[in-house]
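Enquirer: Dropping a structure here in structure tokens format, bear with me for questions.
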Amino acid sequence: MYLSVANVSFAHNSTFRIEGLSLAVDKGEMLGIIGPNGSGKTTLLKLLSGIFKPQAGTITLDGHDMHAFKHKELACIRAYVPESIDLPFDYTVSEIIAIGRHPFIGTFSRPGKNDRKAIDNAIELTDTHKLVNRKFFTLSMGEKQRVMLAMAIAQEPEVLLLDEPISHLDIGHQLAFMHTLKQLHRSGTTIISAMHELPLAREFFERLCLMDNGRIVKAATSGDRELLDHIKSVFGVTEERFIK
Amino acid sequence: MKLHQFIERHTWLLWLTLVLCLLMVFVLNIAIGPVNIPLSTVLHAFLSSSKNIDSTIILSIRLPIALSGIIVGASLGVSGAIFQAILRNPLADPYILGISAGAALGASIAQALLLSSIPVSLSAFVGAIAAMAMVYLLSLSSGSSTPLYLILSGVAISALLGSIMSFVMLMSNAMQIRIYSIMLWLMGGIKETGWHELIFIGAAFSILMVLALLTAPYLDILPFGDEKASSLGVHVERARLLSMTIAALLAGIAVYLSGLVGFVGLVVPHITRLVIGPSHKRLITVSIFVGAIFLLFSDLIARTVLRPIEVPVGIITSLIGAPFFLYLLLRAYKGYKF
């Protein structure tokens, strides 16, 4: 088991808590996390990325406790793309993507050949050539998401975690974004993403993890009949054509 | 945008301009005063060892003041840049987290209680750092020193210390001269400083600047938010405390040398960011120069505008800085989110 969550509990405040969560993710898997608003998708992602520390239970990465890693070590293994970024300063796109290399650059050293290569690769994969000299504030929502993805890819992560990355994009940009993820998946990256778009999630992810009220209702392959029934009941949608 | 790209390609031009401007205001600062000294004499005083009245004025009074001016301007500029990054807020300045209130209280206590053994500047420095520490600890009690909690704690502590200061001033009401001297001190002005003291402060200043440059990558990352920063391998709480300590000490140095000089720490990082962008290694390096130039230039005006009366430099920096800042808000930052 590559990434595993065992009996994890976590509470933000008194109103919402995640309890007794268990989940296992294989290396190179592409897993979608679905569920209604407030079901705990983001919290699970933050637990999986080590940003939140579980109050009970353990999360292990490649056999090691997630929180035994140093911050920088962990940043060389996994990258996290938050739902949206609200920057106070107007960085250029190339500056932002380069910041993704931070965990690899020592306090007294400068970016080297490897860093340059990783950045170029990230730009290539996300098709952001034309944006590199642009300022972040001038970008459209779709472009911003691509840049944030490029920043995460520059980290050369083994595990890529994304929080509803395509929720604010039109269908064309959604598909383009998903194809980029698929390409990363083919090159061996483990991808875990929270998703609101059920048809797209079922199309692109091998396995889906359905959450409701801070619990995992079911994790199964996307085509699983039982999963579909659970989706219908959790979202309160009776007509299948809306979720297929 | 275009200016940004032009400068990217001709970095040497930027540096040349900065160095020349700094040299110019520096030499003018030394030459102009109650007695004007010809530029040739100024250069002569540096180069030859012969002593006369002019060279004594230059070496023991004007030069230390001009150097203090550089340290104050650069410290405030860099401190402001750091606070704006940590607090993820372009409206932050070095005084925002209780430093001005702490300094003012420290200064007024020293004045009012007639603690002649403790100089005003020292008690102001202690007050500033203590207030900042209080703000930090208070914000921590909420679990984490997020920008919002820091700013809220800063507002609360500033209000509290401000009222204590008013009380102290009221109690020392009998001696009005002292209140006047506190007021004068609060307006900010570069004090005369002895060489020994200045060398010590200069060394601390240099070390803090090196540390600020080394921690610049954190300042690039923290604006992305705590969670994204953490996922990029930054120990957010530690990085924030380190950067905040550096910025607070720099602000403390400025307070020690010149009281409360306003607007430098707010405006300098803004201007600099407009010209060279927000990347912090360059922002800090250039802010050192822009801050020093802005302060020396303001000091020049402060000393000449009502000659022979010297206007506190803080009045001039605010007089130039405030309208300029308004201009920035209205024009250059259209569509800017605050």
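Sequence lines, in order, name chains A and B.
Our numbering numbers the first residue of the first sequence as -14 and each following residue consecutively.
Our numbering numbers the first residue of the second sequence as 51 and each following residue consecutively.
Note that beta-carbon positions come from the ideal geometry of N, C-alpha and C, so glycine has one too.
Using Cβ-Cβ distances below 8 Å, what residues of the stretch 276 to 292 of chain B are close to chain A?
Expert: Cβ contacts with chain A come from Glu277, Lys278, Ser280, Ser281, Leu282, Gly283, Val284 and His285.
Enquirer: Between the stretch 16 to 31 of chain A and the stretch 188 to 195 of chain A, are three or more C-beta pairs nearer than 8 Å?
Expert: Judged by Cβ distances under 8 Å, the stretch 16 to 31 of chain A makes contact with the stretch 188 to 195 of chain A, as three or more pairs qualify.
Enquirer: Which residues in chain A sit within 9 Å of Arg323/B, going by Cβ to Cβ distance?
Expert: Going along chain A in sequence order, the residues near Arg323/B (Cβ under 9 Å) are Phe74 and Asp75.
Enquirer: With a cut-off of 8 Å, does the C-beta of Gly177/B fall near any C-beta of chain A?
Expert: By this cut-off, Gly177/B is not an interface position.
Enquirer: Could you name the residues of chain A that Asn139/B contacts, counting a contact when the two beta carbons are closer than 8 Å?
Expert: Per Cβ cutoff of 8 Å: Pro73.
Enquirer: Would you mind stating whether Ser105/B and Ala116/B have Cβ atoms separated by less than 8 Å?
Expert: No, they are not a contact pair.
Enquirer: Is the beta carbon of Ile57/B less than 8 Å from the beta carbon of Val325/B?
Expert: It is a contact, given that the beta carbons lie within the stated cut-off.
Enquirer: Given Asp143/B, which residues of its chain have a CB within under 6 Å of its CB, disregarding the five upstream and five downstream residues?
Expert: Cβ within range, chain order: Gly130, Gly315 and Leu316.
Enquirer: If you count every other CB in all the chains shown that lies within 10 Å of the CB of Asn79/B, and 16 or more means buried, which is it?
Expert: Buried is the call here.
Enquirer: Going by alpha carbons, who is nearest to Arg226/A out of Leu185/A, Thr206/A and Lys203/A?
Expert: Nearest option by C-alpha distance: Leu185/A.
Enquirer: Short check: CB of Gly212/B to CB of Ala153/B, under 8 Å?
Expert: Not a contact, by the Cβ cut-off of 8 Å.
Enquirer: When we look at the beta-carbon of Glu149/A and count the other beta-carbons within 10 Å, is it buried (16 or more) or exposed?
Expert: Burial call: buried.
Enquirer: Would you tell me roughly how many angstroms separate the C-alpha atoms of Leu33/A and Leu146/A, rounded to the nearest one?
Expert: Answer to the nearest angstrom: the Cα atoms are 8 Å apart.
Enquirer: Please tell me whether Ala60/A has its Cβ less than 8 Å away from any Cβ of chain E.
Expert: Here the protein chains are A and B, and chain E is not one of them.
Enquirer: For a test of the three-state rule: what should DSSP assign to Glu287/B, helix, strand or coil?
Expert: If DSSP states are grouped into helix, strand and coil, Glu287/B belongs with the helices.
Enquirer: Using C-beta distances below 6 Å, list every residue in its chain close to Lys387/B, excluding the 5 sequence neighbours before and after it, in chain order.
Expert: In this prediction, Lys387/B scores a pLDDT of 47, lower than 50, which makes its location untrustworthy; no coordinate-derived value is stated.
Enquirer: Between which residues of its own chain and Asp50/A is the CB-CB distance below 8 Å, once the five residues before and five after are set aside?
Expert: Once the five neighbours on either side are set aside, the close Cβ partners of Asp50/A are Thr43 and Ile44.
Enquirer: So, helix, strand or coil for Gly239/B, using DSSP?
Expert: Coil.
Enquirer: Excluding the 5 residues flanking Leu30/A on each side, which residues of the same chain have their C-beta closer than 6 Å to its C-beta?
Expert: Contacts found: Leu146, Asp148 and Ala179.
Enquirer: Check the Cβ of Thr92/A against every Cβ in chain B and list those closer than 9 Å, keeping chain order.
Expert: Going along chain B in sequence order, the residues near Thr92/A (Cβ under 9 Å) are Leu264, Thr265 and Pro267.
Enquirer: Mind listing, in chain order, the continuous alpha helix (DSSP H) runs of no fewer than 4 residues lying wholly within the stretch 52 to 126 of chain B?
Expert: Segments of the alpha helix (DSSP H) lying fully in the stretch 52 to 126 of chain B: 52 to 59, 61 to 81, 89 to 97 and 103 to 107.
Enquirer: Whose C-beta lies closer than 6 Å to the C-beta of Pro140/B among residues of the same chain, with five residues either side of it excluded?
Expert: Excluding positions up to five away in sequence, the list reads Gln134.
Enquirer: In chain B, what lies closer than 9 Å to Pro67/A by C-beta?
Expert: What Pro67/A touches in chain B: Phe274, Gly275, Glu277, Lys278 and Ser281.
Enquirer: Closer than 8 Å, CB to CB, is Ser195/B near chain A or not?
Expert: Chain A contact via Cβ: absent.
Enquirer: If you drop the 5 nearest sequence neighbours on each side, which residues of the same chain put their C-beta closer than 7 Å to that of Ala122/A?
Expert: Just to set this straight, residue 122/A is Phe in the shown sequence, not Ala. Correct list, in chain order: Asp75.
Enquirer: Buried or exposed: which applies to Gly193/B, given that a residue is buried once 16 or more other Cβ atoms fall within 10 Å of its Cβ?
Expert: Exposed.
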